[in-house]
Each structure stands twice: as structure tokens, then as C-alpha cells.
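Residue numbers for the sequence shown follow my numbering, so the first one is 680 and each next one is one higher. In this text, a Cβ means the ideal position worked out from N, Cα and C, and glycines have one as well. All remarks here apply to the structure that follows.
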Amino acid sequence: MEKLKVQKAAAQAVSILKGNLNNYTYKFPGSNSEHLFYPETENTEWTTGFCTGTYWLAYELTAEESFRSAAEVQVESFYNRIKQKIDVDHHDMGFLYTPSCVAAYQITGNKRAKEAAILAADQLISRFQVKGEFLQAWGEPGAEDNYRLIIDCLLNLPLLYWASRVTGDGKYRDAAVRHTKTSIQNLVREDNSTYHTYFFNPRTGEPLRGVTAQGYQDDSAWARGQAWGIYGTALAWRYTKDETCRELFRKVTDFYLRHLPEDMVPYWDLQFPEGSHELRDSSAAAAAVCGIMEMCENGGLEKEEQSFYGKRAQKMLESLIDNYAVRSPKEANGLILHGVYAKSSPFNSVSDRGVDECNLWGDYFYLEALVRNIKDWKTYW
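Below is the structure:
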């Protein structure tokens, strides 16, 4: 793919973000668009960090102070959120605080951002369950009906590695390593597809069963979950150099690639075949691209593997640019179209939400993928 194409795509994305600053500085976009335009919300739910993260990426691309100023306003909101414990009783502290506050501290040295991110890491490890050795995703800690981990949490762990690095306290890293080990032992099936969530016995820690929340059914492969597995194992390799993580990266990535339709952007669940009338999930593709690029850049692959996986990541990104990127702010105020937050099926319990819409994580990972192609970028994760 020509670098000029990537640069033009990034310029278009930055232009849309610049147009959003008036509405989404003191307020945040909702997790997903509604009729392709994001509603204004407060700093709640698990996705707002991706908005701030796109501003930091845009600032690193352009050095425009308007992006830094907006991001710093939002960092203050994240500081207040963790201090006041507003909607933080879940495992998504990494999604919230890594692209917002860890990024801020890395780029500007903002000490309030550092403090907020450390407090978020404290909040995250408070969910660590000794019986089973994992970070409980949702619900009251220890509650039997929610005694489970989910594959998404692999992307929350970099916050813990960062916290150990800046504080010198190994407790954060220890929790991350133990959670990773439990995750990779239980979430990846024999065919290298992945479970979305996995339950444990709260009295003994014994692994019980894998079930879906947002996939089509328990034994299918939710596309975004598989993408989290790709990026999560790549990050786990970077932080631990555990050979199991490197091998699982290859396996979960190969499964994902084998189940892509012709345009390299998955249906929302990987069980659907080419020609299916099911919806795509562009956000899964964006996260998968970043995960593959991460592994190509962090020394986890041999030269031939870097070429093999790298070429496929480029094809996936090119498809997003050509077929999914928003062309005009009159069309939508997100960055990529055709994302799926949650799609109901006869076998899951979710309601349709953000179906065939933009979503914040899709926008963020799309822009991250572009930035990775344009400059020597120091990761936030």
C-alpha cells in the first residue's frame, strides 16, 4: 500500500476529529454512533478513553495545540472519575486510562495523568481473584454469577505493566502475568478460535465453561473477541517474552485470517461464511491490524513471518481505508463505518446496540493503525 494513501486517510481522519472538538471536549461521544453521529455523553461507560486517545494520536501526527488542549481537558475528567469512583466497578480500566492518561503522561509528563492512571491500576487489581487467578470482568467481586474473565481484558493489562514500571511495585505486573496465564490456558480452543468469556468455580478456582456474551453462540468465534486475542497475545509477548504467547499469537491470528471474507473485514462472528448477509464489524478489523503490526514490530516474529503477517495487515488496513472510512463529516462524525457493538442472536442474551454504526474503539484503533504506518510511534499500550 502506498504511503500517500495512508497519509491521506490519516489527514481525513484528523479533519473529522478537528470538527468534533467543539462537541466532544467537555462532553464525550457515546460508545457508538446513532444514525452515524455520536450523541454527547458524560465520562461514563468503558469507551471514553478511546476519544481522548484519538486526540493524542492526532496531536502526535500534527502537533496542533487544539488536540492537546482538548485531550488535557479530558484527562482532568478522568482524574475526577477515578478519584470519585464514577462507573469504575469493572475491569476496563485499561481501555479507559491507557489511551487517555498513560498517553498523556508519556507525551507531556502530566503528573495528574500519572496519578490517575496509577489509581486506575489500583482499581483494576482490586478485581483480582486468587481462586482461579484472574481479573474478574464484571459484577460484584466473588459473585458466582459473574465469576469469570473475558478475552477483552488482555488489552487492559498494559496499564498494570506500566504501573509497575513507574512505581517500582511488582504487584501490578504479577497480577497481569497471572491473569494472562489463566486466560491463554482457558480461552483458546483446540481449533484456535476463542471463547469470549470463561467461568470459574468461586470456591475452588476450577475452570468451568466458556460462554459467549456478544458472539453468535457459545462455541462460535466472536470476531472482535478473536481480534482482542490477536492484539492481547502480541502485547503479552512484548511484556513477558513467554513463548506460549508468541505461539498463540500465530494460532489465533491464523484462525482469524482463514475466516475472513474477500475484503478482509470480518463478519461480526467468524462462523459466518463468505457471502453471508450478516453484518461486518470494522472495529474488529482495526484492532486486529494493530495487533499484527505490534507483533511485527516487537521482535516476536521471524523475518518471513513478519512479511507474511505484515502484508495481510496492510491489506486489511487498505480495505478499511477504501471501503469503510468516513469520507465527509456530513456522512458521519466517526472515522470508520460498519462497526457492531452488540448483535443479538437466538443464542446470546444481548440486545442490538451500535449495529452498523461507528464506535469509539473502532475509530481509535483505525487511527492507531494509520499512525503506526506513518511514523515511528511509541505505543500507549
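Contact annotation: Ile1000 and Ala688 have beta-carbon atoms nearer than 8 Å.
Nearest neighbour of Gly732 by Cα position, chosen from His770, Glu713, Pro778, turns out to be Pro778. Collapsing the DSSP output to three states places Pro886 in a strand. When the beta-carbon positions are compared, Ala965 and Gly1041 come within less than 8 Å of each other. For Ile695, the enclosing alpha helix (DSSP H) starts and ends at 682–699. Boundaries of the alpha helix (DSSP H) harbouring Phe757: 744–763, taken from the DSSP string. The alpha-carbon of Val754 is positioned some 16 Å away from that of Thr720. For Leu828, the enclosing beta strand (DSSP E) stretches over residues 827–829. Between the beta-carbon of Arg903 and that of Ser962 there is about 6 Å, and that keeps the pair under the 8 Å contact cut. Here DSSP, grouped into helix, strand and coil, assigns Asn865 to helix. Between Asp1035 and Glu713, the alpha-carbon positions lie close to 10 Å from each other.
Distance from the CA atom of Ala915 to the CA atom of Asp1031, rounded to whole angstroms, is 32 Å. In this chain, the alpha helix (DSSP H) harbouring Gly908 covers 902–919. If you draw a 10 Å sphere on the C-beta of His938, you find 16 or more other C-beta atoms in it, and that means buried.
Secondary structure at Asn835: coil, using DSSP grouped into helix, strand and coil. Annotation for Gly889: Tyr874, Tyr877 place their beta carbon closer than 6 Å to its own, counting only its chain and skipping 5 residues before and after. Residue burial is scored here from C-beta neighbours: Glu1047 has at least 16 other C-beta atoms within 10 angstroms and is therefore classed as buried.
Phe807 is bridged by DSSP to Leu814. As computed with DSSP, Asn1038 is found in a beta bridge with Asn711. According to the DSSP assignment, Val931 belongs to no beta strand (DSSP E) but to the alpha helix (DSSP H) extending over 922–937. Judged by DSSP in its simplified three-state form, Arg857 adopts helix. Beta-bridge annotation (DSSP): Phe879 is paired with Pro886. The residues Ile909, Ile971, Tyr988, in chain order, have a CB closer than 7 Å to that of Thr932 in the same chain once the five nearest residues on each side in sequence are set aside.
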